[in-house]
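Protein chains in written order, with the working numbering: chain A, 1 to 306; chain B, 307 to 597.
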Amino acid sequence: MTAKQPQAESSWVQKEWKTAGILVAPAIAILLLVYAYPIGRSFILSLFAENLGTQLQPVFNGLGNYGRLFGDGRFWQSLGNTTVFTVASVAIELGLGLAIALILNRSFRGRGIVRTIAILPWALPTAVMAVGWAWIFNDQFGVVNDLLQRLGIISDGINWLGNPTLAMVSLIVADVWKTTPFVSVILLAGLQSISKDLYEAHAMDGASPWQSFTAITVPLLMPQILIAVLFRFAQSFGIFDLVQVMTGGGPAGSTEMVSIYIYSTVMRYLDFGYGASLIVVTFLLLILAVGLAVYGLRRLGVDVTQ
Amino acid sequence: MPSTSPQLDSAAGRSPQLWKGIIFGILILCLVAFCLAPVMWQWLTSVKVNADIETTPNIYFPSRYTLSHYGELFSRRPFWSYLGNSVLVSVLSTLLCLGVGTPAAYAIARLRLPGKSILLGLLLIISLFPYILLFLGLLEIVSAFGVGNNYLSLIVPYTAINLPLTILVMRSFFQQLPRDLEDAAKVDGYNTQQILTQILLPLTLPALVTTGILTFIFAWNEFLFALTFMTQETLKTVPVATAQLSGASQFETPYGPMAAATIVGTIPLVLLVLLFQRKIVQGLTAGAVKG
Chain A
1 MTAKQPQAES SWVQKEWKTA GILVAPAIAI LLLVYAYPIG RSFILSLFAE
51 NLGTQLQPVF NGLGNYGRLF GDGRFWQSLG NTTVFTVASV AIELGLGLAI
101 ALILNRSFRG RGIVRTIAIL PWALPTAVMA VGWAWIFNDQ FGVVNDLLQR
151 LGIISDGINW LGNPTLAMVS LIVADVWKTT PFVSVILLAG LQSISKDLYE
201 AHAMDGASPW QSFTAITVPL LMPQILIAVL FRFAQSFGIF DLVQVMTGGG
251 PAGSTEMVSI YIYSTVMRYL DFGYGASLIV VTFLLLILAV GLAVYGLRRL
301 GVDVTQ
Chain B
307 MPSTSPQLDS AAGRSPQLWK GIIFGILILC LVAFCLAPVM WQWLTSVKVN
357 ADIETTPNIY FPSRYTLSHY GELFSRRPFW SYLGNSVLVS VLSTLLCLGV
407 GTPAAYAIAR LRLPGKSILL GLLLIISLFP YILLFLGLLE IVSAFGVGNN
457 YLSLIVPYTA INLPLTILVM RSFFQQLPRD LEDAAKVDGY NTQQILTQIL
507 LPLTLPALVT TGILTFIFAW NEFLFALTFM TQETLKTVPV ATAQLSGASQ
557 FETPYGPMAA ATIVGTIPLV LLVLLFQRKI VQGLTAGAVK G
């Protein structure tokens, strides 16, 4: 409105470029501030020592932080924990999410309300429900122990969050509860786009339901499966709130994820330089994995930027 | 159309319809229980008296109920402030995100723009970034500008983390709108800005609501930035305040108030889901699949 339009010889295309540029600019500016700067800054800061030893002043350190990271057992353990958590939770969520999507894709009375209930866990705040899950797995008064005791499966209460393996199991259970709905929403959308005629024709050819499932459902659902896995992988790999609230990374670092380690390196040990190098390595690992996934999607004929 | 989809029937095979129905009903019940049980347990805990909470074997349905744990949240702790902070930050960042993201989405969907596909690719990739990658750099920005314990330190990051989704969803919406509308408007002498505000905006409202609900949910639920940038007690958001109820100097863990806090923190979202389930599903699938 107020911007002066260059009237004279500027071509129509240039005018359109200019309009488009003005419309996009604010969004780009905010994304540069919140995404590009912090990540770029982490790359630079990772070449400096900036911690209590240097009185929080940046001192150039070359690749020293990366050398330290290479020999840092705690980092490798957190990476291992993150991998276990990610692989287990994403695999279970995919299986369970597919089963739920198949159920919700059928017509039955009350489907609307069941679909509403099925999306609910996804919408609730993770940190808040992590408090709830810690209570559910409480060693003294937790409902999980109570139910298992009533069923006669265990005789004494288990200290779920105090045992390294069981703490990881508890986190995975809570994460599966929280994010399976996301997977089933994505997969359900895929199922709904598959034509019923395909199944009818296949059944007329004498195929069993299971054969239809493997011959029609799975191949046609593959794009949605991969997209769901891609999103879940990234979220799971960076999981912070659930773990911070439920276990804080304990006991004895057995559930410390990369994000938790980064957070305490920066906020507790005030080691900004080393924290930056941890961020850079996590970033590169994520980009590598996402790159592979996008490449896989392209080979399946799904262009995610289409 | 019963049983047109062939899944899950394999085991039942040729057995009577009745059995299939019963098995299917049990599956539905399991699904509902799986989704609701953790929340129901919080609710039951929140209305029990302390003696009934801290006892084994557990008491599932107590003989007396109490709202005292809720009362404690609001009388002994600034829970109204937490709720107010969460509402303020979520609403403002949602409005800002829609205001900034919608024009960008329109430009990407409709106008010639160099580097468009690179921009889309980048948007998709950054929507996958965990917030932990951003928090160190943001911490520096926040302290450089002196906006720690200031709503801006959450509103701007929340706007940014929701922009990729907003742009992708709104773009797919604009792509579905018939171009004729705008062409006709252009013939009538409307400029781009007039087309946007007078013709497209009214049509866009449903899509804006869809996107806005999602951005509100993401902003309301965010934890890491709120934990890091808002350290003053009265400025905390609900997730952080709830997570920290457990902490610190008390000798006894306040199980009752904690359960009550989880219910208070989830009620706004339960309402959103009840009212807008369809829109949430629409937005999620448009953002993830078509994006």
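Think of the CB as a built atom: it goes at the ideal place given N, C-alpha and C, for glycine as much as any other residue.
Of the choices the options, whose alpha-carbon is the least far from that of residue i?
i       : options                            : result
A411(B) : N65(A), T19(A), V143(A), W133(A)   : T19(A)
L442(B) : G275(A), L297(A), L221(A)          : G275(A)
S195(A) : I172(A), L221(A), Y263(A)          : L221(A)
K288(B) : I329(B), I569(B), T521(B)          : Residue 288(B) lies beyond the range of chain B shown here (307 to 597); nothing can be said about it.
F380(B) : Q583(B), I573(B), A566(B), F582(B) : A566(B)
P409(B) : L124(A), S78(A), P26(A)            : P26(A)
T591(B) : M476(B), L483(B), T465(B)          : M476(B)
V393(B) : L506(B), Y457(B), V587(B)          : Y457(B)
T83(A)  : A130(A), A234(A), G291(A)          : A234(A)
Y66(A)  : A29(A), A49(A), H202(A)            : A49(A)
G571(B) : Q583(B), E528(B), S423(B), T465(B) : E528(B)
P181(A) : S89(A), Q77(A), N138(A)            : S89(A)
G273(A) : R150(A), F43(A), P121(A), V13(A)   : F43(A)
G132(A) : Q550(B), Y371(B), G427(B)          : Q550(B)
P512(B) : G589(B), Y371(B), I473(B), E488(B) : G589(B)
A167(A) : Y263(A), M246(A), Q192(A), W122(A) : M246(A)
Could you check if residue i is buried or exposed, using at least 16 other CB atoms within 10 Å of its CB as the buried criterion?
i       : result
V579(B) : buried
V128(A) : buried
D205(A) : exposed
I119(A) : buried
E558(B) : exposed
V218(A) : exposed
F451(B) : exposed
L270(A) : exposed
C336(B) : exposed
P363(B) : exposed
Q244(A) : buried
I39(A)  : buried
L430(B) : buried
D241(A) : buried
V176(A) : buried
A554(B) : Since pLDDT at A554(B) reaches only 46, below the 50 mark, its modelled position is unreliable, and the value read off the structure follows with that caveat. Its Cβ having fewer than 16 others within 10 Å, A554(B) is exposed.
R109(A) : exposed
P322(B) : exposed
E200(A) : exposed
Can you list the residues of chain A that residue i reaches, using a CB-CB cut of under 9 Å?
i       : result
I359(B) : F141
V462(B) : I30, L33, V34
Y561(B) : W135, N138, F141
Leaving out five residues on either side along the sequence, give the residues of the same chain with a beta carbon under 8 Å from the beta carbon of residue i.
i       : result
T165(A) : S254
L445(B) : T534, F535
N455(B) : F535, M536, T537, Q538, L541
I438(B) : L530
Which bits of chain A does residue i rub up against, with CB to CB less than 7 Å?
i       : result
N364(B) : F141, V143, D146
V353(B) : Within chain A, no residue comes near V353(B); the closest Cβ sits about 14 Å away, beyond 7 Å.
Could you name the residues of chain B that residue i contacts, counting a contact when the two beta carbons are closer than 8 Å?
i       : result
T116(A) : V579, L580, Q583
G275(A) : L442
G238(A) : F435, P436, Y437, I438, L439
Y37(A)  : G443, I447
R150(A) : P363
Quick one: list the residues of chain B neighbouring residue i, beta-carbon separation under 9 Å, in chain order.
i       : result
T126(A) : N527, F529, P545
D241(A) : N527, E528, F529, L530, L533, P545, A549
R41(A)  : L442, G443, E446, I447
P164(A) : Chain B residues near P164(A): none, gap ~21 Å exceeds 9 Å.
Between which residues of its own chain and residue i is the CB-CB distance below 6 Å, once the five residues before and five after are set aside?
i       : result
N468(B) : C403, T521, F524
K596(B) : For K596(B), the predicted model reports a pLDDT of 43, less than 50, meaning its position is unreliable; a value from the coordinates is still stated below. S478.
Near residue i, what residues of its chain come up, given a Cβ to Cβ distance below 7 Å and the 5 sequence neighbours on each side ignored?
i       : result
S11(A)  : none
L52(A)  : L270
Q348(B) : A565, T568, I569
V395(B) : Y457, L460, I461, Y464, A525, T543
Counting only Cβ pairs nearer than 8 Å, list the residues of chain A close to residue i.
i       : result
G390(B) : Under the 8 Å cutoff, chain A gives no residues; its nearest Cβ is about 16 Å from G390(B).
Y376(B) : Under the 8 Å cutoff, chain A gives no residues; its nearest Cβ is about 15 Å from Y376(B).
M564(B) : V131, W135
P420(B) : W17
P344(B) : P121, M129, G132, W133, I136, W177
For a contact meaning CB atoms closer than 7 Å, what does residue i contact in chain B?
i      : result
W76(A) : Result: empty, since nearest Cβ-Cβ is about 18 Å, beyond 7 Å.
L23(A) : P409, A410, Y412, A413
Following a CB-centred definition, is residue i positioned closer than 7 Å to any heavy atom of the ligand MG?
i       : result
I216(A) : Looking for the ligand MG in the displayed structure turns up nothing, as the structure carries no ligands at all.
State yes or no: is the beta carbon of residue i nearer than 8 Å to at least one beta carbon in chain E?
i       : result
T465(B) : Protein chains A and B are contained in the structure displayed, whereas chain E is not.
task: Report yes or no: do the segment 542-550 of chain B and the segment 354-370 of chain B share at least 3 C-beta pairs separated by less than 8 Å?
output: no
Any 3 or more C-beta pairs closer than 8 Å across the segment 179-199 of chain A and the segment 242-261 of chain A: no
- prompt: Between the segment 197-211 of chain A and the segment 224-243 of chain A, are three or more C-beta pairs nearer than 8 Å?
  reply: no
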